[in-house]
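Just below is one structure, and these are the notes that go with it.
Protein chains: 2
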Amino acid sequence: MTQPTAAVLIIGDEILSGRTRDINMYHVAGELTRAGIDLKEARVVSDDKDAIISAVRELSEKYTHVFTSGGIGPTHDDITADCVAEAFSRSIDIRDDARLLLKAYYDEAGKELNEARLRMARIPDGAQLIDNPVSIAPGFSVENVHVMAGVPKIFAAMLEGLLPKLNSGTAVISKTLRVDLPESTVANPLGAIAAKYVDLSLGSYPFEENGAYGTNLVIRGRDEDQIQQALVDLKTAFKL
Amino acid sequence: MTQPTAAVLIIGDEILSGRTRDINMYHVAGELTRAGIDLKEARVVSDDKDAIISAVRELSEKYTHVFTSGGIGPTHDDITADCVAEAFSRSIDIRDDARLLLKAYYDEAGKELNEARLRMARIPDGAQLIDNPVSIAPGFSVENVHVMAGVPKIFAAMLEGLLPKLNSGTAVISKTLRVDLPESTVANPLGAIAAKYVDLSLGSYPFEENGAYGTNLVIRGRDEDQIQQALVDLKTAFKL
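Which chain is which? The protein sequence lines are A and B, in order.
If you read the first sequence in this note's numbering, its first letter stands for residue 5, the second for the next number, and so on.
If you read the second sequence in this note's numbering, its first letter stands for residue 5, the second for the next number, and so on.
Here it is, written out as structure tokens:
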């Protein structure tokens with residue numbers, strides 16, 4: 005079976021200006037790994053029409069799934085829905101089911117469903133809605149592009165509802181071995197063992213602790229037996 | 005004067021697997037904003053030769069500067085230097101000045117400059133070295149691509165030395181106004197004011213505090229007078 009792949013597209017000037025620290029990329033990376041979907045690329049682009057459209061087109065052609073975050077709120081700079089529609093040459097308009105969801109929500113809150121709020125019911129033609137259990141305004145999927153909110157709590161809730169509906173793969177297993185040696189010392193033996201296990205990925209991540217250098221060795225793959233063998237090889241090489 | 009633009013390219017499977025949370029993107033975003041360089045795009049790609057080469061080529065053609073993070077250590081999966089050389093069709097080999105830096109460092113530490121460590125002296129032909137005051141192994145610049153380490157402390161130190169040497173622009177000024185109203189309420193008046201100031205960027209960032217929704221309005225631009233006028237308009241509109 006071919007493993008499904010994915011890209012994440014974060015939309016928002018506030019990340020690129022350094023004003024806001026992105027949280028969604030780290031969250032979705034962990035969730036996709038657990039779901040057996042290989043996250044191959046992540047991008048951050050600004051609230052710019054051409055930048056969003058070209059990233060959506062390029063990533064949706066290249067990967068099984070694209071997950072976007074940001075730009076679907078009620079304000080003038082929320083242009084993601086229109087850009088995704090244009091990327092797929094679809095029309096976009098206020099959709100009845102989305103409008104009714106918002107109307108019920110604002111009615112209950114005693115608030116008017118004004119023009120700005122109605123913008124959040126604009127859905128590209130033929131899209132599937134993505135539930136928003138936090139603040140109702142839905143996300144949507146067009147073909148393989150899943151459009152979600154940027155607010156981390158809403159993004160996480162939308163993703164949680166969406167992921168079980170997608171075709172996923174065999175989850176990657178990962179084992180970490182801590183070695184109290186600098187990366188430049190472990191490099192040669194590690195390289196030899198990595199060359200032996202071509203179906204596994206062996207990575208090394210240096211750290212510093214109380215002034216001493218160490219390295220975390222991470223074995224990643226889908227074959228439990230091979231991972232165990234590689235772990236034994238590493239322990240032998242580093243006398244652990 | 006045209007403002008310089010930039011992209012950031014983070015290289016590393018550990019970010020895409022969700023194992024490690026990226027810090028460098030947030031750090032460089034803030035530093036570039038302060039330096040008056042417009043960060044237009046950020047990407048994360050895996051430790052994959054083709055992915056790195058094509059991202060380096062595409063981003064270096066598109067932006068004034070490209071800053072990379074990760075993949076220049078001593079291990080088999082550190083392939084950034086070779087990929088950058090290939091992206092610019094340059095040869096790459098161990099360079100004497102880089103080798104001497106490393107030799108002095110490891111001599112003093114009583115350690116051997118082994119084959120793995122020597123990998124860190126591999127520099128593409130014609131590159132400028134970037135100082136590494138933390139652990140000596142240098143980064144380098146090839147044309148407009150600045151190649152730095154992934155370890156956050158080293159990345160930050162390299163960037164600090166590099167930035168004053170680059171052509172920068174007029175720094176963006178940013179003012180934030182907190183409004184204790186949900187984004188869907190501020191959207192219409194905000195949109196009208198945004199339409200009036202075409203040279204400024206007006207963004208809205210919703211938050212939740214103790215169960216109540218509020219919005220931070222952010223004005224960004226390079227003309228202090230215009231920013232002050234827009235701030236007065238916003239305060240008037242929201243009775244602040």
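Even for Gly, the Cβ is constructed at its ideal location relative to N, Cα and C.
Model, not experiment: these values are computed from the prediction.
Cβ neighbours of residue i in the same chain (closer than 8 Å, five flanking residues each side left out)
i, result
"P128 (chain A)", "A85, V88, A89, F92, R94, S95, I96, F144 and V146"
"I83 (chain B)", "D51, K53, I56 and G75"
"N192 (chain A)", "none"
"A120 (chain B)", "P78 and T79"
Residue i burial status per 10 Å Cβ neighbour count (16 or more: buried)
i, result
"E164 (chain B)", "exposed"
"P210 (chain A)", "buried"
"V236 (chain A)", "exposed"
"E65 (chain A)", "exposed"
"T68 (chain A)", "buried"
"A131 (chain B)", "buried"
"E187 (chain B)", "buried"
Residue i versus residue j - alpha carbon distance
i, j, result
"L36 (chain B)", "I15 (chain B)", "19 Å"
"E45 (chain B)", "V190 (chain A)", "35 Å"
"I27 (chain B)", "G114 (chain A)", "42 Å"
"P8 (chain A)", "A161 (chain B)", "38 Å"
"N136 (chain B)", "K243 (chain A)", "32 Å"
"R123 (chain B)", "A199 (chain A)", "17 Å"
"A234 (chain A)", "A153 (chain B)", "27 Å"
"K239 (chain A)", "K169 (chain A)", "40 Å"
"T24 (chain B)", "E18 (chain B)", "5 Å"
"A254 (chain B)", "R38 (chain A)", "The requested residue 254 (chain B) does not occur in the structure, where chain B is confined to residues 5 to 244."
"A141 (chain B)", "H80 (chain A)", "47 Å"
"N148 (chain B)", "G34 (chain B)", "20 Å"
"L194 (chain B)", "A10 (chain A)", "35 Å"
"V138 (chain A)", "L167 (chain A)", "17 Å"
"V176 (chain A)", "D184 (chain B)", "44 Å"
"R99 (chain B)", "V48 (chain A)", "35 Å"
"A59 (chain B)", "G22 (chain B)", "21 Å"
"S314 (chain A)", "T6 (chain B)", "One cannot answer for residue 314 (chain A) here, as it falls past the ends of chain A, which runs 5 to 244."
"E228 (chain A)", "G218 (chain A)", "26 Å"
"E112 (chain A)", "H150 (chain B)", "54 Å"
Neighbourhood of residue i by C-beta distance below 7 Å, restricted to the same chain and skipping five residues each side
i, result
"L117 (chain A)", "L106, K107 and Y110"
"V32 (chain B)", "V12, F71 and L163"
"M29 (chain A)", "V12, I14 and A46"
"N4 (chain B)", "Outside the displayed range of chain B (5 to 244) lies residue 4 (chain B), so it cannot be described from this structure."
"K157 (chain B)", "V138"
"H104 (chain B)", "The sequence shown places Leu at residue 104 (chain B), rather than the His named in the question. Within the same chain, L104 (chain B) has no close Cβ partners at all."
Beta-carbon proximity list for residue i, same chain, < 6 Å, skipping 5 on both sides
i, result
"G207 (chain A)", "V222"
"T174 (chain A)", "G40 and R226"
"N220 (chain A)", "T180, R182 and Y209"
"S73 (chain B)", "I14, N28, M152, G154 and F159"
"R61 (chain B)", "A91"
"E213 (chain A)", "none"
Sub-8 Å separation of residue i and residue j beta-carbons
i, j, result
"A125 (chain B)", "I197 (chain B)", "no"
"L63 (chain A)", "A102 (chain A)", "no"
"L204 (chain A)", "R182 (chain A)", "no"
"Y201 (chain A)", "Q230 (chain A)", "yes"
"L43 (chain A)", "L20 (chain B)", "yes"
| said: So within the stretch 183–237 of chain A, which uninterrupted beta strand (DSSP E) runs reach at least 3 residues, ignoring any that extend past its ends? | reply: 205–213 and 216–225
| request: Scan the stretch 47–126 of chain B and note each continuous alpha helix (DSSP H) run of 4 residues or more that stays entirely inside, going in chain order. | output: 53–66, 84–91, 100–112 and 119–122
| request: Identify every run of the alpha helix (DSSP H) within the stretch 116–176 of chain A, keeping only runs that are complete inside it and at least 4 residues long; order them along the chain. | output: 119–122 and 156–166
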